[in-house]
Structures are given as C-alpha cells and as structure tokens.
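Colleague:
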Amino acid sequence: GAGVSQSPSNKVTEKGKDVELRCDPISGHTALYWYRQRLGQGLEFLIYFQGNSAPDKSGLPSDRFSAERTGESVSTLTIQRTQQEDSAVYLCASSLFPEQFFGPGTRLTVL
Amino acid sequence: AQRVTQPEKLLSVFKGAPVELKCNYSYSGSPELFWYVQYSRQRLQLLLRHISRESIKGFTADLNKGETSFHLKKPFAQEEDSAMYYCALSTNAGNMLTFGGGTRLMVKP
Chain D
24 GAGVSQSPSN KVTEKGKDVE LRCDPISGHT ALYWYRQRLG QGLEFLIYFQ GNSAPDKSGL
84 PSDRFSAERT GESVSTLTIQ RTQQEDSAVY LCASSLFPEQ FFGPGTRLTV L
Chain V
96 AQRVTQPEKL LSVFKGAPVE LKCNYSYSGS PELFWYVQYS RQRLQLLLRH ISRESIKGFT
156 ADLNKGETSF HLKKPFAQEE DSAMYYCALS TNAGNMLTFG GGTRLMVKP
C-alpha cells in the first residue's frame, strides 16, 4: 500500500500569510506525528495524535502553530502569520508502534 | 528533558574501511534508541532499534547505559551507505522521537 503522503511538496509564502500543510497517514495507523527540520539541524517534535486522545502539543513553538486530525486519517498543520524563522521542512509520520513511517515532507519557504 | 547528541556533522571514509557514527543521549529513565537513515532523494526510514538487537545492512548498534551511548558501527563501509544518519530516542510517553542533529556519512571509492 501507499506510504505516508504530504502536500504540497513545496510552499513559498510571504511573511504574515497563513499556510496549511496536509498529511495523509498510512491507513490503520493510530498515531500521527508532526516534526520540523530546519536547515542543517535535526528534527524537532511538534505535535502528536493518538486515536481519540487529546493531542500532545508540547512541541509547538508558538500559538501561531496548530494542528488537527480527523479521526485516524488526514491531519493538517496550520501556521498563522508566518515568519521567516518558520522556513523549514515539515515532516509527518504515522505509526502503529514502535516504528514511525515518514512522509516526504513539505518544504516551506517564507520570504 | 531528554537530549540526543551526534558530535560529527560529517564523516568521510573510504570504501571497505570501518565506520562508527557516534550518538550520546541524556535521559533519566529507560529510553528506546533508534537509528534512522535518509538516502539521497528518499524519505527518512528506520535502520535499526536497540531492542531488536539485529544487524541491518551490516550495521549494528549497542546501547551502553553506562556511557549513555548508542553508536552505529559497520566493519566494512560500502558506497551505498552514503546517507544522512539520525540517532533518535523515545521515552514511554507518547513514543514521540527526540532526534540528534544528524551525521552525513560519505563513503569514497
């Protein structure tokens, strides 16, 4: 079957605009994670969804960042009023535990 | 809070030479450690995890709790091993991963 997919693959936006990133996990995977990878750095955890439990938002860097997940399917990560420091690759992963399967990422560039 | 450190950003070796990618961690509990790999133009994928204690593509990694290390080793590097390698740690809480900064391995012919 298909792996984790993300869209768009690339997004260029202007400072101050809102952006929405999408993740389609592997069917049946109950857990979904968002990570951010800035240039030359490792991945930073952002948010975690597990089934119907309240999401773990402990990694979100500011209140401009939010994410939703519909049941055990698609998730969207929204960044409001984007700043240049938001430029990064945003990676989504889904899991049945313990292995996480990663999507190809969305490269966000804020001008 | 937990932390993962990969001291080398770049490691360059010749084909057939041994390779060791270093990983150190800090966490007060009992972590689960992973190595993930990203080949050129491919997505990040799991290479191995310490609990399974298996060898994948000739790579092994042993968890040393005394030294809080989880170094990745291979006795004879191959050109196709060239990639970015990330060490990652998971606690029991939520299974989210804490990643190191990554090491780029270049295997020269």
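Protein sequence lines correspond, in order, to chains D and V. Residues 24 to 134, numbered by the numbering used here, are exactly what the first sequence covers, in order. Residues 96 to 204, numbered by the numbering used here, are exactly what the second sequence covers, in order. Backbone N, C-alpha and C define an ideal beta-carbon position, used for all residues, glycine too.
#1: Show which residues of chain V have a CB atom less than 7 angstroms away from the CB atom of F120 of chain D.
#2: Apart from the five residues just before and just after L158 of chain V, which ones in its own chain have a Cβ nearer than 7 angstroms to its Cβ?
#3: Can you tell me the Cβ-Cβ gap for A221 of chain V and V132 of chain V, rounded? I've got them flagged as a contact below 8 angstroms.
#4: With distances taken from CA atoms, which of D:V27, D:V112, D:L131, D:G128 is nearest G51 of chain D?
#5: Pull up the distance between the alpha-carbon of P127 of chain D and that of Q29 of chain D, whole angstroms please.
#6: Going by other Cβ atoms of all chains shown within 10 Å of its Cβ, with 16 needed for buried, is L105 of chain V buried or exposed?
#7: Ordered along the chain, which non-local residues of its own chain (more than five positions away) have a Cβ less than 6 angstroms from that of F109 of chain V?
#8: How about the region 27-46 of chain D and the region 112-121 of chain V: do they share at least three Cβ pairs that are nearer than 8 angstroms?
#9: Cβ atoms of Y122 of chain V and T198 of chain V: under 8 angstroms apart, would you say?
#10: Taking the C-alpha atoms as reference points, what is the distance between S89 of chain D and V133 of chain D?
#11: What does a CB cutoff of less than 7 angstroms around L114 of chain D pick up in its chain, not counting 5 residues either side in sequence?
#12: Apart from the five residues just before and just after F194 of chain V, which ones in its own chain have a Cβ nearer than 7 angstroms to its Cβ?
#13: Between the C-alpha atoms of L56 of chain D and K169 of chain V, what's the straight-line distance to the nearest angstrom?
#14: For chain D, find out if any of its Cβ atoms is closer than 8 angstroms to the Cβ of G124 of chain V; answer yes or no.
Modeller: From the atom records:
#1: Listed along chain V, the residues sitting closer than 7 angstroms to F120 of chain D by beta-carbon distance are N190.
#2: Taken in chain order, the residues that qualify are L128, H145, F165.
#3: Because chain V in this structure spans residues 96 to 204, residue 221 of chain V falls outside the shown range and cannot be described.
#4: It is D:V27 whose Cα lies nearest to the Cα of G51 of chain D.
#5: Computed Cα separation, rounded: 7 angstroms.
#6: Exposed, because fewer than 16 other Cβ atoms sit within 10 Å of the Cβ of L105 of chain V.
#7: Cβ within range, chain order: K203.
#8: The region 27-46 of chain D vs the region 112-121 of chain V: no contact.
#9: Between T198 of chain V and Y122 of chain V, the CB-CB gap reaches or exceeds 8 angstroms.
#10: In a straight line, the C-alpha of S89 of chain D is about 17 angstroms away from that of V133 of chain D.
#11: Scanning its chain for C-beta atoms nearer than 7 angstroms, with the 5 sequence neighbours on each side dropped, one finds around L114 of chain D the residues Y58, Q60, L66, F125, G126, G128, in chain order.
#12: Here the set comprises V99, Y181, A183.
#13: A quick correction: the sequence has Tyr, not Leu, at residue 56 of chain D. Near 30 angstroms, if we compare the C-alpha coordinates of K169 of chain V and Y56 of chain D.
#14: Judged by the 8 angstroms Cβ criterion, G124 of chain V is not in contact with chain D.
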